[in-house]
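In what follows, a single structure is set out as structure tokens and then discussed.
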Amino acid sequence: MDFIQRHPLEDLMPTPAPASLRDGDHMSILRRPAVLSIIAAPEALSALPDGVLRICGPFECLLVLNETELDAVTAELKNAGVPWVDQSHASVVARLSGPNARAVLAKGTAVDLHPAVFSINQSTNTLYGQVRINLARIADDVFELVVPRSYARFFFEDILQAGRSFSLTAAFAQA
């Protein structure tokens, strides 16, 4: 029996978005990200590059990677004795970018996203509406959102509604 992996947002999002639509506020859905859940002291993770860890709590973080990096990083974690769990199939990852990205997020979360407070490479667990997400700022006007797969459709319909006043577009990221 063959197993066909189907993304939970496949029937909701066009793929890929024309370049003309990505000029303003845009949400790119990563089709096959790798998401690892790690429970370890921060010093045990010092070998990882800056900006890839998404803090979830004391001694707990997420590591969001391209699927192509997964084998090398998991081997490095294993060699360092760092325990991890692959959460890739349990999570949907999106990148919200554009000049109004903070305003779109502010419609659904209580986190202060001002650059002086929420700096680049900072992350937090929060609620967007009624859905728990991990929110990270990865560039000036770019945020990465990790959403539980079972809530993905509800979450993305909600955030697309919030972004209508800013002409927010969304599509799967180009490979």
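Plus 200 on top of the position in the sequence shown (first one is 1) and you've got this note's numbering. Cβ atoms here follow ideal geometry from the backbone N, Cα and C, with glycine treated the same way.
**Q.** Closest Cα partner of residue 371 within the set 211, 325, 227 and 241
**A.** Within the sequence shown, residue 371 is the residue found at index 171, counting from 1. Shortest Cα-Cα distance from residue 371 to any of 211, 325, 227 and 241 involves 227.
Q. Taking the C-alpha atoms as reference points, what is the distance between residue 329 and residue 291?
A. To locate residue 329, count along the sequence shown from 1; it is residue 129. To locate residue 291, count along the sequence shown from 1; it is residue 91. Each residue's Cα considered, the two are about 17 Å apart.
Q: Pick helix, strand or coil for residue 321, following the three-state DSSP scheme.
A: For the purposes of this step, residue 321 is taken as the residue at position 121 of the sequence shown. DSSP places residue 321 in coil when its eight states are reduced to three.
**Q.** Reference residue 356, options 331, 278 and 336, closest by Cα
**A.** Locating residue 356 in the sequence shown gives position 156, counting from the first residue. Its Cα nearest to that of residue 356, the residue 331 stands out among 331, 278 and 336.
**Q.** Reduced DSSP secondary structure (H/G/I, E/B, other) of residue 286
**A.** If you number the sequence shown from 1, residue 286 lands on position 86. Strand at residue 286.
Q.
Quick check on the DSSP output: the alpha helix (DSSP H) that includes residue 309 runs from which residue to which?
A. As a first step, residue 309 is located in the sequence shown; it is residue number 109 there, counting from the start. DSSP places residue 309 in no alpha helix (DSSP H); its state is neither H nor E.
Q: Return the Cβ separation of residue 336 and residue 254 in integer angstroms, given the expectation that the two are a contact with Cβ distance under 8 Å.
A: As a position in the sequence shown, residue 336 is number 136, starting the count at 1. As a position in the sequence shown, residue 254 is number 54, starting the count at 1. About 5 Å separates the CB atoms of residue 336 and residue 254; that is less than 8 Å, so the two are in contact.
Q | Cβ-Cβ distance between residue 225 and residue 279 below 8 Å | A | Counting from one through the sequence shown, the residue named residue 225 turns up at place 25. Counting from one through the sequence shown, the residue named residue 279 turns up at place 79. With respect to residue 279, residue 225 sits apart: the two C-beta atoms are not nearer than 8 Å.
**Q.** Reduced DSSP category for residue 376 - H, G, I as helix; E, B as strand; rest coil
**A.** Nothing can be reported for residue 376, as the shown portion of the chain is limited to 201 through 375.
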